[in-house]
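*Asks:* Submitted below is the structure of interest, expressed as structure tokens.
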Amino acid sequence: MKSTLRENHRYIGVMIMADGHMDRPLLQSAVRLGLLEKLGEIGFAKADPKLAHVGHDSTTAIIRCAHTEAESVRAGLSLITRIGQKKLHLMPVFTSGTILKCKRALAKASKL
Amino acid sequence: MLTDILESDTSRLKRPPRFYGFDSFLQLGKDVTIHPAGKPKKSAGSGPQPGRISIVSSSDTEELVRVLKRFDIVYSTIYDASPALLTRANVAKRKVLINLSDILGKEGADRAQMMHRVSRFLEFCRSYRVEAVFASMAKDESGIRTPQETADVFMQLGVDRAQTRYSYSVINDISWARRE
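One line per chain: the protein sequences are D and E, in this order. So the first sequence is numbered by my numbering: it starts at 9 and just counts up by one. So the second sequence is numbered by my numbering: it starts at 386 and just counts up by one.
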């Protein structure tokens with residue numbers, strides 16, 4: 009495959025602030041449904057957001073998306089306020105091109 | 386210095402303002418007071434109090450135009466992009482409030498409509514050279530949004546990052562002026 013045809017991603021590290029415990033399936037549905045509502049079907053298709061990683065204590069997560077749509081995904085994440093009856097805030101902390109850098113930044117931010 | 390106004394008790398927050406990207410938080414009722422416009426003058430707390438930032442709020446633009454000179458910040462709850470209001474605010478050097486909980490507290494089409502109103506209002510503010518003050522007015526910690534998050538949202542509405550950061554710093558300048 010030509011290097012110009014390769015998909016470029018951005019990894020958005022988020023801090024999870026929720027009322028109770030957030031497990032992976034619940035978080036996945038929050039991201040999918042929340043972003044689908046905020047970006048619309050066409051925006052969601054362009055951004056192709058995926059939950060790439062969830063921290064072991066479910067306080068951090070990494071969301072992968074298309075590099076061109078990182079800004080709109082971050083805006084969409086900021087507008088998510090609840091999943092079902094639970095209050096939820098996904099605070100974007102760091103955006104990077106590699107998942108490793110994102111994990112390091114999240115580890116630093118969660119120490120604050 | 387980036388400052389946010391919260392409706393909740395700032396001393397009960399689990400995390401410091403630095404975690405949310407702010408230097409300090411101001412508390413509604415303690416450091417900042419909102420005065421509904423059009424209330425009788427004799428009622429308690431209807432006018433600005435010394436040492437506190439005073440905000441006048443109303444959905445009635447004519448009423449706001451009439452009283453805005455007495456207060457530091459004007460809050461049109463319907464974000465009415467009225468040239469009369471903004472011309473008067475510019476002449477009196479008053480700021481306008483953008484309350485983020487007006488956006489976050491709504492869902493679906495109502496939220497989209499409110500975002501449109503806010504973006505149109507901000508467009509008018511730029512045109513009439515009136516400074517805007519951003520405040521989350523969060524009732525709990527989940528309602529606080531960092532300056533970066535606010536910038537991400539407002540970037541989609543035509544406000545750049547520097548403008549958003551500036552709008553968060555304006556409240557601090559007013560606060561210092563009040564203390565002096």
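C-beta: ideal position from N, C-alpha, C; glycine also.
Check whether chain E comes within 9 Å of Leu96 of chain D, counting only Cβ atoms and requiring the distance to be less than that.
*Replies:* Walking along the first sequence from the start, residue 96 of chain D turns up at place 88. Closer than 9 Å to some Cβ of chain E, the Cβ of Leu96 of chain D qualifies, so yes.
*Asks:* Which residue wins for smallest C-alpha separation from His61 of chain D, given the options D:Ile91, D:Val39, D:Lys46 and D:Ser80?
*Replies:* Residue 61 of chain D sits at position 53 when you count from the first residue of the first sequence. For the residues D:Ile91, D:Val39, D:Lys46 and D:Ser80, the minimum Cα distance to His61 of chain D belongs to D:Val39.
*Asks:* Would you mind giving the Cβ-Cβ distance between Met99 of chain D and Glu534 of chain E, rounded to the nearest angstrom? I have them listed as a contact below 8 Å.
*Replies:* For the purposes of this step, residue 99 of chain D is taken as the residue at position 91 of the first sequence. For the purposes of this step, residue 534 of chain E is taken as the residue at position 149 of the second sequence. Rounded, the Cβ-Cβ distance is 7 Å, consistent with contact.
*Asks:* Got a sec: is the Cβ-Cβ distance from Met99 of chain D to anything in chain E below 9 Å?
*Replies:* Counted from its first residue, the first sequence places residue 99 of chain D at position 91. Yes, because at least one Cβ of chain E sits closer than 9 Å to the Cβ of Met99 of chain D.
*Asks:* For the beta strand (DSSP E) holding Gln412 of chain E, just list the boundary residues, first then last.
*Replies:* Working through the second sequence from its first residue, we reach residue 412 of chain E at position 27. Run containing Gln412 of chain E: Ser409 to Gln412, per the beta strand (DSSP E) assignment.
*Asks:* Go through the region 63–116 of chain D residue by residue and report every complete run of the beta strand (DSSP E) that reaches 3 residues or more, in order.
*Replies:* 68–74 and 94–104
*Asks:* In chain D, which residues lie with their C-beta within 8 Å of the C-beta of Leu489 of chain E?
*Replies:* What you label residue 489 of chain E is simply residue 104 of the second sequence in a count that begins at 1. Within 8 Å Cβ-Cβ: Leu87 and Thr89.
*Asks:* So is Gly84 of chain D buried or exposed if we call it buried at 16+ other beta carbons inside 10 Å?
*Replies:* Here residue 84 of chain D corresponds to residue number 76 of the first sequence, with the count starting at 1. Taking a 10 Å sphere around the C-beta of Gly84 of chain D, we find 16 or more other C-beta atoms and assign the residue as buried.
*Asks:* What residue range does the beta strand (DSSP E) around Arg437 of chain E cover?
*Replies:* If you number the second sequence from 1, residue 437 of chain E lands on position 52. Segment: none, Arg437 of chain E is in no beta strand (DSSP E) and carries neither H nor E.
*Asks:* Just to make sure I have the definition right: I need the residues of chain D whose C-beta is within less than 8 Å of the C-beta of Gln541 of chain E. Which are they?
*Replies:* Here residue 541 of chain E refers to the residue found at position 156 when the second sequence is read from its first residue. Within chain D, the residues near Gln541 of chain E are Glu79, Ser80 and Ala83.
*Asks:* Step through the CB atoms of chain D and report whether any lies within less than 9 Å of the CB of Ala429 of chain E.
*Replies:* The sequence position of residue 429 of chain E within the second sequence is 44, counting from 1. At Ala429 of chain E, the pLDDT of 45 sits below 50, so the modelled position is not reliable and the matter cannot be decided from this model.
*Asks:* Is it true that the region 80–96 of chain D meets the region 522–530 of chain E, where meeting means three or more beta-carbon pairs spaced less than 8 Å apart?
*Replies:* yes
*Asks:* Leaving out five residues on either side along the sequence, give the residues of the same chain with a beta carbon under 8 Å from the beta carbon of Phe410 of chain E.
*Replies:* Within the second sequence, numbered from 1, the residue matching residue 410 of chain E stands at position 25. Correct list, in chain order: Thr388, Asp389, Ile390, Leu391, Thr395, Leu398 and Pro402.
*Asks:* Please compile the residues from chain E whose C-beta is within a distance smaller than 8 Å of the C-beta of Met25 of chain D.
*Replies:* By one-based count along the first sequence, residue 25 of chain D stands at place 17. Ordered by position in chain E, the residues that pass the 8 Å Cβ test against Met25 of chain D are Glu526 and Ser527.
*Asks:* For Met9 of chain D, count neighbouring Cβ atoms within 10 angstroms of its own Cβ and tell me buried if that reaches 16, exposed if not.
*Replies:* Translated into the one-based positions of the first sequence, residue 9 of chain D becomes position 1. With fewer than 16 other Cβ atoms within 10 Å, it is exposed.
*Asks:* Indicate whether Ile458 of chain E and Val481 of chain E have their beta-carbon atoms separated by less than 9 Å.
*Replies:* Counted from its first residue, the second sequence places residue 458 of chain E at position 73. Counted from its first residue, the second sequence places residue 481 of chain E at position 96. For Ile458 of chain E and Val481 of chain E, yes; Cβs fall inside 9 Å.
*Asks:* Any heavy atom of the ligand MG within a distance shorter than 8 Å of the CB on Leu485 of chain E?
*Replies:* Of ligands this structure carries none, so the ligand MG is not represented either.
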